[in-house]
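S.K.: The numbering used here puts the first residue of the sequence shown at 14, with every later residue one more than the last.
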Amino acid sequence: MTAQDMFPIAGGCHCGNVRFVLHWPGKDREIPARRCSCTFCSKHHGRWTSHPSAVLEVDLTDADAVSRYRFGTGTADFCVCAICGIVPLVISTIDGTDYAVVNVNTFDELDNLSLSESPTNFDGEDTSSRLGRRERNWISRVSFD
Ligand SMILES: [Zn+2]
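1. Whose C-beta lies closer than 6 Å to the C-beta of N30 among residues of the same chain, with five residues either side of it excluded?
2. Say yes only if the C-beta of I44 is nearer than 6 Å to one or more non-hydrogen atoms of ligand 1, and no if none qualify.
3. Given this structure, state the Cα-to-Cα distance separating T133 from R48, to the nearest angstrom.
4. How should T241 be labelled, buried or exposed, when 16 other C-beta atoms within 10 angstroms of its C-beta is the threshold for buried?
5. Here's a check: name, in chain order, each residue in its chain whose Cβ is nearer than 6 Å to the Cβ of V68, leaving out the five neighbours to either side.
6. Hey, would you say the C-beta of C28 is under 6 Å away from at least one heavy atom of ligand 1?
7. Would DSSP call S129 helix, strand or coil?
8. With a threshold of 6 Å, establish whether the CB of C92 neighbours any heavy atom of ligand 1.
9. What separation, rounded to the nearest whole angstrom, lies between the Cα atoms of R146 and C28?
Structural data, given as structure tokens:
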């Protein structure tokens, strides 16, 4: 995948402490948005996207003001901006590699994108299936500035 086959989607939290650019592969601008039904996402209406060939660059102005919230199996960190309370991304570290999903609600603009929204429910999935699914589907090229 060359750089010209990727298009950048900028986004971030409300106050600007967490900024990201998600480089999305391919030319069709249809982005899956998975409406997660876990107890946490139900409370903030999280809708998540990822692509195994995407590249995510994250820029934290104040990394100490990002709280990492874990629950359930404790294998994923919901990155919550401690200043404005928005949750732009989730990181799961598997064998030393950071895998990410991004909250489409935190994209700066949705105008040029088409979101295909679907419900998901991963209740009952065991931990090894869960980690395997993330390795296959989540964004594996994640960098923090
Ligand atoms: Zn913020």
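Yeah, the Cβ is synthetic: ideal placement off N, Cα and C, and Gly gets one too.
M.R.: Walking through what the data contain:
1. Sequence-distant partners of N30 (beyond 5 residues in either direction) whose C-beta falls short of 6 Å from its own C-beta, in its chain, are T74, D75, A78, C94, I96.
2. Ligand 1 never approaches I44 closely enough for any of its heavy atoms to be under 6 Å from the residue's Cβ.
3. So the two alpha carbons sit approximately 6 Å from each other.
4. No answer is possible for residue 241: it lies beyond the span of the chain, which begins at 14 and ends at 158.
5. If we look at V68 and ignore the five residues flanking it on each side, its Cβ neighbours are H36, R154.
6. C28 Cβ: within cutoff of ligand 1.
7. Strand.
8. C92: no, Cβ never under 6 Å from ligand 1.
9. CA-to-CA, the gap between R146 and C28 works out to about 32 Å.
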